[in-house]
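Count along the sequence shown from 1, add 23, and you get the number used in the working numbering. Here the structure comes first, spelled out in structure tokens, and everything after it is commentary.
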Amino acid sequence: MSNSHLTVMPAPEPKVCAAVPGTRAAPPLDPAHYVLQPGLERVADPPGGLLVSTRPLVAMRINSQAWAVLGCLGVERTAAEVAAMTSLTPGHAEAFLESLARKRLLRKRLPIPTDWPAISVIVPARGRPAATRACVASLLALDYPRERLEILVIDDASEPPLAAALAGLPIRLLRQDHNIGQSAARNLAAKQAQGSVLAFIDNDCEAHASWLKALVPYLSEPAMGVVGGRIDSPSVTGWIAAYESVCSPLDMGEHGGEVGPAEAVAYLPTCNLLVDRSLMLNQGGFDPAMKLGEDVDFVWRAIRAGARACYAPGGRVVHHHRVRLAALLSRRADYGSSEADLQLRFPEGRRIMRLPLTVGAGLAALVTASVSWITALFLAIATLAALTLETITKRQRIHRMGLKLPAGTVLSAVGRGHWASLYHLSAHVSRYYSLPLLIGGLLWTPLLPMTAVLLLIAPVSDYRRLRPRLPLPMFVGLSCLEMAAYQLGVWRGCFKQRTLRPWWPKVRWIR
24 MSNSHLTVMP
34 APEPKVCAAV
44 PGTRAAPPLD
54 PAHYVLQPGL
64 ERVADPPGGL
74 LVSTRPLVAM
84 RINSQAWAVL
94 GCLGVERTAA
104 EVAAMTSLTP
114 GHAEAFLESL
124 ARKRLLRKRL
134 PIPTDWPAIS
144 VIVPARGRPA
154 ATRACVASLL
164 ALDYPRERLE
174 ILVIDDASEP
184 PLAAALAGLP
194 IRLLRQDHNI
204 GQSAARNLAA
214 KQAQGSVLAF
224 IDNDCEAHAS
234 WLKALVPYLS
244 EPAMGVVGGR
254 IDSPSVTGWI
264 AAYESVCSPL
274 DMGEHGGEVG
284 PAEAVAYLPT
294 CNLLVDRSLM
304 LNQGGFDPAM
314 KLGEDVDFVW
324 RAIRAGARAC
334 YAPGGRVVHH
344 HRVRLAALLS
354 RRADYGSSEA
364 DLQLRFPEGR
374 RIMRLPLTVG
384 AGLAALVTAS
394 VSWITALFLA
404 IATLAALTLE
414 TITKRQRIHR
424 MGLKLPAGTV
434 LSAVGRGHWA
444 SLYHLSAHVS
454 RYYSLPLLIG
464 GLLWTPLLPM
474 TAVLLLIAPV
484 SDYRRLRPRL
494 PLPMFVGLSC
504 LEMAAYQLGV
514 WRGCFKQRTL
524 RPWWPKVRWI
534 R
């Protein structure tokens, strides 16, 4: 990087960002609002009450004070409003509501800042002149105060240079004469940025008009230093695009929340990421030595340093995915190759594999069916007996709590729970162990029925849930190819890093 030459091309008038670095966001005038999550029901009980959900089956006893608070939250209310309606002080009400929001029992709507912070949007670009111009055009159409917005495109040695494609646009263009890679390009732009918040997007993406306004309010939360949004797919053209539109590893899903190694959302991709500039500089930015996984590395380093990170699906960008099978599989293999390096850097990010005992007994029955039908029958009966006993026990516990649920409702909830366990086991095995299982099945045929179940449950379930615009056999075939490519990438990373850590997860046995 020290041998590279940087040419700075200033933006034409009018200057886009007149702001100087300052606070990330002024404290909002309006406080946050809270409301009970859909699907939760309050059931009266003399000591206080019950908070009940049937998806999944959960019955939680709450005291009279919590009952009173939750009773206020059928509609959105602030902590002050809840305090006025209960015996809590405003401070205690806010702390209690925050604890319930962290447990995802409440939805929290953040207020709009009184003063939007100065933001520098950074676009690393190498080639793709038409896509880069479309990306910048979407940024210029953002619903954000223009005087608080700066757009920096860093041309990482594109040939031909991107200056002609971006001519006439009110942006700052930074030109590198030698290729330094996306991470180094982002770091270089971050040092020159004027905004107190850095927003990262890639040049094969286009931002929704509300992108920044949907994400910025989260940075007013205590210790929040990183926030990312959802990555959408463009209109579908072809089978590969149809598959990517519902199975992209960049899409973190529809449910927001805290981000971290042990959270449901483990990391945030750099093509839709807002970072406090001081945090970015203090952490040294993205690691230029990492060709992949640099986004995971940065987010986890920030969390280690005491910052919080969150995922907010309301802040959206559109990512133009690969539409060729070879490119898709190559990229998945590249993603897999970063696991070994990341697990060596972050032992706390070690993979956890949950092995459900009841599901395991059912799978063992499949393996033994062609070897010993008596053993297989015994395991099948044991599996059914365990499910029956679990249903009876849970129904009795719920009845002792004063809640009357039909046996069919409890049985359905128990069945959904075990199906979810089987799904997650299938997804896990497909991603990491499908190739060894297939080889084992060819060498010892009794393994094939269990292997078929484990490799098909996840993609078939995903097909029903995601409803992609392609036939089921094609979807399942692409899923299997994707998982195989990812595994080959994991093996490549293990060989390069001289470690087997990605192959040895923490095993947690569950009922």
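Just so it is clear, CB atoms sit at the ideal spot from N, CA and C, and this is done for glycine as well. In this text, all values refer to a predicted model and were calculated from it rather than measured experimentally.
Buried or exposed (CB count within 10 angstroms, at least 16 for buried), residue i
i    : result
V495 : According to the sequence provided, residue 495 is Leu. The question's Val does not apply to it. Exposed is the call here.
A106 : buried
Q419 : exposed
D138 : exposed
G191 : exposed
G359 : buried
T416 : exposed
T391 : buried
W565 : The question about residue 565 has no answer, for the chain in this structure spans 24 to 534.
P482 : buried
N226 : buried
F518 : exposed
V449 : One detail in the question is off: residue 449 reads as Ser in this sequence, not Val. Under this definition S449 is a buried residue.
I397 : exposed
Proximal residues to residue i (C-beta, below 7 Å), its chain only, five neighbours per side dropped
i    : result
E36  : Below a pLDDT of 50, predicted positions are generally treated as unreliable, and E36, at 41, falls in that range; no measurement from the model is reported.
E229 : A157, C158, S161, V340, V341
R100 : H56, Y57
S348 : Reading the sequence as shown, one finds Leu at residue 348 and not Ser. If we look at L348 and ignore the five residues flanking it on each side, its Cβ neighbours are I263.
M303 : A213, L221
A405 : A384
Sub-7 Å separation of residue i and residue j beta-carbons
i    : j    : result
L196 : V176 : yes
A55  : P134 : yes
R355 : A508 : yes
D166 : K236 : yes
V249 : V322 : yes
M376 : H447 : no
A436 : L80  : yes
G552 : L471 : The structure shown does not extend to residue 552, since the chain spans only 24 to 534, so no value can be given for it.
A363 : G512 : no
G316 : L365 : yes
Residue range of the unbroken beta strand (DSSP E) whose run includes residue i
i    : result
L197 : 195-199
W396 : Careful: W396 lies outside any beta strand (DSSP E), inside the alpha helix (DSSP H) at 396-423.
D485 : From DSSP, D485 is part of no beta strand (DSSP E) but of the alpha helix (DSSP H) over 470-489.
F223 : 220-223
G204 : No beta strand (DSSP E) holds G204; DSSP gives it neither H nor E.
R515 : Not the beta strand (DSSP E): R515 falls in the alpha helix (DSSP H), residues 495-520.
L386 : From DSSP, L386 is part of no beta strand (DSSP E) but of the alpha helix (DSSP H) over 380-391.
Y544 : With the chain covering 24 to 534 only, the question about residue 544 has no answer from this structure.
Continuous alpha helix (DSSP H) stretch holding residue i: start and end
i    : result
Y167 : That residue, Y167, is in no alpha helix (DSSP H); it is neither H nor E in DSSP.
V92  : 87-94
V319 : 317-327
R331 : No alpha helix (DSSP H) holds R331; the beta strand (DSSP E) holding it covers 331-342.
L351 : 348-360
P113 : 113-125
C228 : From DSSP, C228 is part of no alpha helix (DSSP H) but of the beta strand (DSSP E) over 228-230.
Integer-rounded CB distance, given that residue j should sit under 8 Å from residue i
i    : j    : result
V567 : L111 : Outside the displayed range of the chain (24 to 534) lies residue 567, so it cannot be described from this structure.
A335 : G279 : 5 Å
T155 : F223 : Actually they are not in contact, since the Cβ atoms of T155 and F223 sit about 15 Å apart, beyond 8 Å.
P469 : V382 : No, P469 and V382 are not in contact; Cβ-Cβ is about 18 Å, not under 8 Å.
N210 : P311 : 7 Å
R373 : K529 : 6 Å
R524 : L352 : With a Cβ gap of about 24 Å, R524 and L352 do not count as contacting.
Cutoff 8 Å; reference residue i; Cβ partners in own chain excluding five residues on either side
i    : result
T260 : V346
A103 : P54, P113, A116
P44  : At P44, the pLDDT of 38 sits below 50, so the modelled position is not reliable and the matter cannot be decided from this model.
Same chain, Cβ closer than 6 Å to residue i, neighbours up to 5 away in sequence not counted
i    : result
A208 : P147, I177, D179
G218 : A141, I142, S143, E173
F498 : Y486, P491
E281 : C333
G425 : D68
S457 : L478, M506
R253 : P336, R339
A387 : L402
S502 : P482
M108 : C95
G283 : I326
L120 : Y57, A102
V31  : Model confidence at V31 stands at a pLDDT of 48, short of 50, so the residue's coordinates are unreliable; what they give is reported in the following sentence. Hits under 6 Å: L197.
Proximity test, residue i beta-carbon vs the ligand ATP heavy atom, cut-off 6 Å
i    : result
L297 : This structure lacks the ligand ATP, and indeed carries no ligand of any kind.
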